[in-house]
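> Under this note's numbering, the very last position in the sequence shown is 697; numbers go up by exactly one each time.
Where is the CB? At the ideal position from N, CA and C, for every residue including glycine.
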Amino acid sequence: MLNQKLKFSLPTLILTILATIIWSEFTMSRQNVLALKKDWHLAQEGFINPGLHVIPNLVFRKNLTGYRLSTDNLMGMMRILSNETLEPEESKLWFRIGSDSYLDMIFNADEAGFTGIRLSSSDLFPSGIYRSDDNGKFSSFTPLNLRLDSGFKSVVVKNGKLTIGKETLSLPDGLISQGQAGIQLSTMEAEVFAYEVKSKKSRMVLHFFPEGTRWELYGKYFVLIAILVLLSGFLPRSRKEITAAGILGIGLLALLSGIVIEPQEDSIDEALAINPSLTNKIEELRRNKYFPGIFHCVSSGCRMLAENEMPAKKTGKRIVIFGGSQIKPSVVRKLEDSFFYKFDQYLREKNPGFELLNINSTGQFKDRLKFEKQMAGMEIDEIIIETLAFSHELDLIKEFIGRWNKKGVRIIMLRTPQNIENFGEKLTPVFIPKIREGLKTDIPTEWDPQLAHVLRNVPLIRKMQDEVSFEFLDPNDVFLTESTLTSGQLYWDGYHLTAWGQEILAKWLAESYKIKD
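If you want it as structure tokens, here you go:
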């Protein structure tokens with residue numbers, strides 16, 4: 181009788197195996213998050229969205245199964261660095277890359293910047309070796325004779341050579357020295373399955389489980405669950421099946437909770453706490469209720485104003501930048517790296533007699549209108565509206581401009597620069613000349629919907645200009661030049677500019693903008 185009760189029925193065996201897989205996957209997903217918190221940190225600028233997914237990957241390729249990191253053109257660029265300073269002797273990266281995409285291996289990272297090895301499938305952003313400062317600006321770029329096709333890849337950097345597939349390239353002497361190591365994914369389709377760095381004293385692995393770990397974990401859980409099932413009582417086999425089904429059900433709920441109800445990017449957000457230099461300033465703004473804040477720049481410098489604080493205008497013109505998240509100071513590390521701080525510096529070189537007020541809020545134009553009551557007592561002479569000009573909000577924008585026109589305030593609409601990475605090589609040759617036409621652009625009905633979506637507002641803005649008075653400034657021409665496109669990391673996602681991108685915009689606007697006499 182005992183022997184009979186210790187036998188598994190086929191349904192019980194299947195349920196036990198499924199429960200083993202589910203609990204193993206749940207455990208490994210938690211280990212991924214914990215590994216990132218302990219050994220690695222997110223290092224990109226933007227805080228509106230950290231740009232990070234951890235996604236189950238059940239495809240078996242070259243003995244590599246597990247979880248993957250992924251970005252897309254909505255979530256954004258992702259830079260992950262080791263918490264430790266390393267002197268890598270061998271680095272391995274397993275990844276999948278889409279067409280018109282790229283991925284960077286990072287070395288020698290410190291507060292001053294980092295060295296990157298770009299692996300690309302795009303002619304727009306070719307493979308190469310670069311040196312970047314911490315704001316995203318390249319100080320050098322050396323092309324590599326390497327263009328990848330899309331798909332799963334593995335690359336090894338060792339002994340001054342880079343090996344990818346059957347191809348081996350020599351790297352410059354002394355390229356990799358001491359510093360933090362890591363990876364950087366673009367805003368386009370790219371996924372990292374595993375990243376491993378071996379140095380003299382340590383070995384660090386990001387989201388990769390060495391060969392055998394998964395199966396060892398499965399084995400442990402199988403034994404544990406089998407024992408629980410067997411201990412379910414010396415009753416008919418159905419009791420064992422009910423117990424196995426119950427364990428499986430609890431495991432499914434746990435996995436669902438970890439991946440869907442409590443997405444892992446939420447857990448990974450907590451990893452930001454280990455890098456206080458990137459978060460303390462933002463938290464300070466939130467605690468003091470200055471977020472989003474109003475920043476005031478005069479000849480003596482820039483500072484943040486309290487919610488009800490507004491100094492009287494002293495001399496010259498008072499200019500208000502009325503913007504959104506694209507130029508918000510919270511998407512850069514330091515106030516001094518922000519668009520409006522740089523704009524004030526550049527503009528003051530030619531026009532010393534003015535005051536600059538910066539009013540930004542994340543969200544659409546309707547969210548910015550909450551500041552209009554405060555603006556009523558600001559003694560404003562000119563307003564620069566930075567906006568994507570969403571077509572469904574054009575009426576709000578027109579009404580806003582109309583109200584301030586009546587007060588004699590000069591209005592300048594600043595078009596947001598467009599990230600060319602969103603379009604790829606196929607659409608870019610069509611996109612660039614059209615975007616450069618500004619308000620003269622026509623949108624044929626046969627155009628690709630993606631392009632039409634970007635440019636759909638042009639005829640509406642053109643029509644609006646016949647009804648209310650404003651000037652139109654478009655920085656896209658400078659952002660689409662080859663020298664700018666290859667100058668560094670301009671965007672950390674589809675819309676939001678890095679510190680380097682904000683500096684380019686600030687300099688361009690200061691040179692293009694003329695303060696009205």
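Between the alpha carbons of residue 540 and residue 508, how many angstroms are there, rounded?
Approximately 6 angstroms, taken between the alpha carbons.
> Considering only residues of the same chain and omitting the five flanking positions on each side of residue 644, which have a CB-CB separation below 7 angstroms?
Excluding residues within five positions, the ones whose Cβ falls inside 7 angstroms are 574 and 578.
> What does the alpha-carbon distance come out to for the pair residue 317 and residue 680?
Each residue's Cα considered, the two are about 6 angstroms apart.
> Once the 5 residues before and after residue 203 are set aside, which same chain residues still bring their CB inside 6 angstroms of it?
401 and 431.
> Just the C-alpha distance for residue 450 and residue 258, rounded to the nearest angstrom, thanks.
Note that residue 450 scores a pLDDT of 46, beneath 50, so its modelled location is shaky; the value from the coordinates is reported in the next line. Using only the alpha carbons, I get a separation of about 16 angstroms.
> With a CB to CB cut of under 8 angstroms and the five nearest residues on each side skipped, what residues in its chain are close to residue 561?
Only 497, 498, 499, 589, 590 and 696 meet the Cβ criterion.
> Is DSSP giving residue 230 helix, strand or coil here?
Residue confidence is low: residue 230 scores 44 on pLDDT, short of 50, so the model does not pin down where it sits. No coordinate-derived value is stated.
> In whole angstroms, what separates the C-alpha of residue 405 from that of residue 189?
Taking the straight line from one Cα to the other gives about 15 angstroms.
> With a CB to CB cut of under 6 angstroms and the five nearest residues on each side skipped, what residues in its chain are close to residue 172?
With the chain covering only 181 through 697, there is no way to say anything about residue 172.
> Of all the alpha helix (DSSP H) runs that stay within the bounds of the region 555-590, which reach a length of 4 or more residues?
Here the runs fully enclosed are 574-586.
> Would you kindly work out how many angstroms separate the C-alpha atoms of residue 334 and residue 344, rounded to a whole number?
Those two C-alpha atoms are separated by around 6 angstroms.
> Using the Cβ count rule (16 or more neighbours within 10 Å means buried), how would you classify residue 371?
Residue 371 is buried by the Cβ-count criterion.
> Please report the straight-line C-alpha distance between residue 659 and residue 501, rounded to a whole angstrom.
Cα to Cα, residue 659 sits roughly 20 angstroms from residue 501.
> Quick check: the Cα distance between residue 296 and residue 309, rounded to an integer number of angstroms?
Spanning the two alpha carbons is a distance of roughly 6 angstroms.
> Taking just the CA atoms, how far does residue 567 sit from residue 302?
Near 30 angstroms, if we compare the C-alpha coordinates of residue 567 and residue 302.
> Would you mind listing the beta strand (DSSP E) stretches within the region 477-549 that are 3+ residues and don't spill past its ends, in chain order?
You should have 481-485, 497-503 and 534-540.
> DSSP state of residue 274, grouped into three classes?
It is a strand residue.
> Kindly list the residues whose CB is nearer than 6 angstroms to the CB of residue 200, restricted to its own chain and excluding five residues on each side of it in sequence; keep chain order.
So the list reads 398, 401, 402 and 405, once near-sequence residues are dropped.
> Check whether the Cβ atoms of residue 653 and residue 612 sit closer than 8 angstroms, and answer yes or no.
No, the Cβ-Cβ distance between residue 653 and residue 612 is not below 8 angstroms.
> When you compare the CB positions of residue 337 and residue 262, do they come within less than 8 angstroms of one another, or not?
Contact flag unset, no.
> Enumerate, from N- to C-terminal direction, the unbroken beta strand (DSSP E) stretches of 3 or more residues contained entirely within the region 334-387.
The qualifying runs are 341-344, 347-350, 360-365, 370-379 and 383-386.
> Under a three-way DSSP split, which group does residue 192 fall into?
Residue 192: helix per DSSP, three-state reduction.
> Do residue 363 and residue 375 have their C-beta atoms within less than 8 angstroms of each other?
Taking 8 angstroms as the Cβ cut-off, residue 363 and residue 375 qualify as a contacting pair.
> Buried or exposed: residue 354, going by 16 or more other Cβ atoms within 10 Å of its Cβ?
So residue 354 ends up on the exposed side.
> The beta strand (DSSP E) spanning residue 322 covers which residue range?
Segment 318-323, the beta strand (DSSP E) holding residue 322.
> From residue 586 to residue 527, what does the alpha carbon distance come to, in whole angstroms?
Computed Cα separation, rounded: 27 angstroms.
> Consult DSSP for residue 305 and reduce its assignment to one of helix, strand or coil.
Three-state result, residue 305: coil.
> Please report the distance separating the alpha-carbon of residue 667 from that of residue 478.
Between residue 667 and residue 478, the C-alpha separation is close to 30 angstroms.
> For my contact list, residue 524 and residue 482 are in at a C-beta cut-off of 8 angstroms; report their separation, rounded to the angstrom.
The Cβ separation is near 6 angstroms, so the contact holds.
> Three-state secondary structure (DSSP) at residue 268?
It is a strand residue.
> Rounded to the nearest angstrom, how far is the Cβ of residue 304 from that of residue 280, given a contact under 8 angstroms?
Confirmed, about 7 angstroms.
> Where DSSP assigns a beta bridge to residue 289, which residues make up the other side?
In the DSSP output, where bridge partners are listed per residue, residue 289 has 360.
> In three-state terms, what does DSSP make of residue 431?
Residue 431 falls in the helix class under three-state DSSP.
> For residue 197, collect the residues of the same chain with a Cβ closer than 8 angstroms to its Cβ; drop the 5 residues on either side in sequence, then sort them by chain order.
Taken in chain order, the residues that qualify are 402.
> What is the residue span of the beta strand (DSSP E) that residue 651 lies within?
Note, residue 651: beta strand (DSSP E), 651-653.
> Give the straight-line distance between the Cα atoms of residue 312 and residue 283, rounded to the nearest whole angstrom.
Straight-line Cα distance between these residues: approximately 15 angstroms.
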